[in-house]
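Taking it in order: structure first as C-alpha cells, then the write-up.
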Amino acid sequence: MFRPWEMSLTAAAEADEPQQLKNTHINLKWIMAYLEYSVYPASIPDKGSRANFRRFCRPFVVKDGVFDYKKTMAKVIITPEERTQIIKLVHDGANSSLEASALGSHHGRDASQKLLRKRYFWPSMLNDVREYIKQCDACQKANPATLKVIPDLQSVSVPKQVFKQIGVDIMILPVVDNMKYVVVAIDYFSKWSEARALPDKSAESVSRFLYDDIVCRHGCPLIYITDQGREFLNKLISELLRLTGTKQRVTSAYHPQANGLVERQNRTIKNCFLKVLQDNSNKWPYIFQSVLFAHRTTQHTSTNCSPFQVLYQREPIMPVNICNLKSTEEGTIISDDLSIISDDDVGI
Numbered sequence: 001m002f003r004p005w006e007m008s009l010t011a012a013a014e015a016d017e018p019q020q021l022k023n024t025h026i027n028l029k030w031i032m033a034y035l036e037y038s039v040y041p042a043s044i045p046d047k048g049s050r051a052n053f054r055r056f057c058r059p060f061v062v063k064d065g066v067f068d069y070k071k072t073m074a075k076v077i078i079t080p081e082e083r084t085q086i087i088k089l090v091h092d093g094a095n096s097s098l099e100a101s102a103l104g105s106h107h108g109r110d111a112s113q114k115l116l117r118k119r120y121f122w123p124s125m126l127n128d129v130r131e132y133i134k135q136c137d138a139c140q141k142a143n144p145a146t147l148k149v150i151p152d153l154q155s156v157s158v159p160k161q162v163f164k165q166i167g168v169d170i171m172i173l174p175v176v177d178n179m180k181y182v183v184v185a186i187d188y189f190s191k192w193s194e195a196r197a198l199p200d201k202s203a204e205s206v207s208r209f210l211y212d213d214i215v216c217r218h219g220c221p222l223i224y225i226t227d228q229g230r231e232f233l234n235k236l237i238s239e240l241l242r243l244t245g246t247k248q249r250v251t252s253a254y255h256p257q258a259n260g261l262v263e264r265q266n267r268t269i270k271n272c273f274l275k276v277l278q279d280n281s282n283k284w285p286y287i288f289q290s291v292l293f294a295h296r297t298t299q300h301t302s303t304n305c306s307p308f309q310v311l312y313q314r315e316p317i318m319p320v321n322i323c324n325l326k327s328t329e330e331g332t333i334i335s336d337d338l339s340i341i342s343d344d345d346v347g348i
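Per full-length UniProt numbering, the sequence shown starts with residue 1, numbered consecutively.
Listed below in C-alpha cells is the structure:
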C-alpha cells in the first residue's frame, strides 16, 4: 500500500536516500491533484490512508495553478527535467556565453542550494545539486581544495551599519586592453563589494574609485582598512579621507590577513574567473561586473542574506526567475497544468 506520509519532504529528506526519493515527482503530482481538485490517487482507497494523505499534503498549497511549499512559498518543481534545467541556470548561467556563465559563477553546493531554496522546492534538492556540481569540469578544475592552501584570515569587528567600515585591496590580473589591476572594496556589514578595473594603481586612480564608487554611491565610510601599499598611503588619499571624515586603519606588513574580508573576496573573484574563463583569461574585463553581481546576490553565512538584500531590502530578480520554462507573470517556473498526471494516477 502506498504510504506517502512515511516520506519526509523536509530538509531531512534531502539526505542521500535514492530509493526513497526515486518516485517523489509522482507523489508530488498526486498532492497537486488533490489540492486543486480534491481527488485521491487510485492506490489510496480506504479512509484511514486518505486521512494520512491529507496530512501529508498540508505543507503545500495550489493557488491560481501554482504549486507552492507553504513554509517558504517556494515553487514546487515536479519533474526531474525541470529540476536539472533550474540547477543549470543557477550554477552555469542561462547559456554558454561567458557573460551568462559569469552570472552563475559556478557557485559551490551550499551557495547554489541557498539560491534555489529561496525560489523553489523539491525533496532531493541538496543531493541533486551535489551530484550536478560533481559533474562540472570547471568546478573540479578550480576547486580550492586542489589549489594552494591559504592560512586562516584574522577577523575584524563588524559595525552594525552598512558602509560604515570598508576594506580595500588591489588585485593583479593578466593585462587586457591596458587593464592590469582591479581595486576592490567591500562593506564589512552587508558584504557588498564594489570594484573597478584600472590601468595602474596610482594614488589618483585609487582615490577616483573611492570617491566615485564609494562616497558618491554609498556615502562616507567612517573606517577605511588597507594594507601599507603606496597606492593607499599618500597625500591624495589622506586629503580625500580628511574631506570625508574617514579614519584609515593600516594592517601590518606581517599580518595582511587583518583585512581578511577583502582578501577572501579577492580569492572568490579569482576563483570565479578560473571556473568561468578557463582558457580565456584575456576575457576577464568583459565578465567582471557579472561576477560581482553573482557575489552580491549570493547568501552570506554571517547575515543569512545576500549583500543585495541587506542593501536594498528586497530580493533581486535573477536569471533563474525568467528562464525559458513556462512561468507566471512574476517569472516563477511552474509545471504545465495537470497534463503531467495520467488517468491511472488519480482516483475519485
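Every residue, glycine too, gets a C-beta built ideally from N, C-alpha and C. The model shown is predicted, which means the values in this text are computed figures rather than measured ones.
Nearest-angstrom Cβ-Cβ length linking residue i and residue j, presumed shorter than 8 Å
i, j, result
"Tyr211", "Lys247", "With a Cβ gap of about 17 Å, Tyr211 and Lys247 do not count as contacting."
"Lys75", "Arg119", "7 Å"
"Thr226", "Val250", "6 Å"
"Ala308", "Pro316", "The amino acid at residue 308 is misidentified as Ala; the sequence shows Phe. The pair is a contact, with the Cβ atoms about 5 Å apart (cut-off 8 Å)."
"Ser306", "Pro174", "Not confirmed; about 29 Å, so no contact."
"Phe53", "Tyr40", "7 Å"
"Lys164", "Leu222", "5 Å"
"Ile237", "Ala203", "6 Å"
Neighbourhood of residue i by C-beta distance below 7 Å, restricted to the same chain and skipping five residues each side
i, result
"Arg83", "Ile77, Trp122 and Asp128"
"Ala197", "Met179, Val182, Pro285 and Phe288"
"Lys235", "none"
"residue 350", "A query on residue 350 cannot be resolved here, the shown segment of the chain reaching from 1 to 348 and no further."
"Tyr69", "Pro59, Phe60, Val76 and Phe121"
"Lys71", "Pro59"
"Asn324", "Here the model assigns Asn324 a pLDDT of 38, short of 50, so the residue's position is not dependable and the matter cannot be decided."
"Asp177", "Pro285"
"Gly245", "Cys220"
"Phe209", "Val183 and Arg196"
Counted within 10 angstroms of its Cβ, other Cβ atoms place residue i as buried (16 or more) or exposed
i, result
"Ser193", "buried"
"residue 354", "With the chain running from 1 to 348 in the structure shown, residue 354 is simply not present."
"Arg58", "exposed"
"Tyr37", "exposed"
"Ser302", "exposed"
"Gly167", "buried"
"Val291", "buried"
"Asp64", "exposed"
"Asn266", "buried"
"Leu243", "exposed"
"Arg296", "buried"
Beta-carbon contacts of residue i that lie in its chain and below 8 Å, excluding the five residues immediately before and after
i, result
"Val162", "Asp187, Phe189, Ser190, Trp192, His218, Val310 and Leu311"
"Lys160", "Phe189"
"Ile87", "Ser112, Leu116, Asp128, Val129 and Tyr132"
"Lys114", "Thr298 and Gln299"
"Leu241", "Tyr224, Lys247 and Gln248"
"Val62", "Met32, Leu35, Glu36 and Asp68"
"Gln46", "Here residue 46 turns out to be Asp, not Gln, going by the sequence shown. Same-chain partners within the cutoff: there are none."
Sequence-distant residues of its chain with Cβ nearer than 6 Å to residue i (five each side left out)
i, result
"Val206", "Val183 and Glu231"
"Ala51", "none"
"Ile170", "Tyr181, Val183 and Lys201"
"residue 366", "Summary: the structure shown does not reach residue 366, with the chain confined to residues 1 through 348, and so no result is reported for it."
"Cys216", "none"
Span of the alpha helix (DSSP H), counted from its first residue to its last, around residue i
i, result
"Arg119", "Run containing Arg119: none; DSSP gives neither H nor E here."
"Arg130", "Met125 to Lys134"
"residue 364", "Nothing about residue 364 can be reported from this structure: the residues present for the chain run from 1 to 348 only."
Contact with chain B by residue i, beta-carbon distance below 8 Å
i, result
"Arg130", "The question asks about chain B, but that chain is absent: this structure has only one protein chain."
Which ranges would you report for the alpha helix (DSSP H) in the segment 38 to 84 if only whole runs of at least 4 residues count? Counting only runs of 4 or more, we get 47 to 57.
What residue ranges within the segment 220 to 283 form continuous beta strand (DSSP E) runs of no fewer than 3 residues, ordered along the chain? The segment 220 to 283 is shown to contain whole beta strand (DSSP E) runs of 3 or more residues at 223 to 226 and 247 to 250, in chain order.
Return the chain-ordered ranges of every beta strand (DSSP E) run that is complete within the segment 173 to 215 and spans a minimum of 3 residues. You should have 179 to 187 and 193 to 198.
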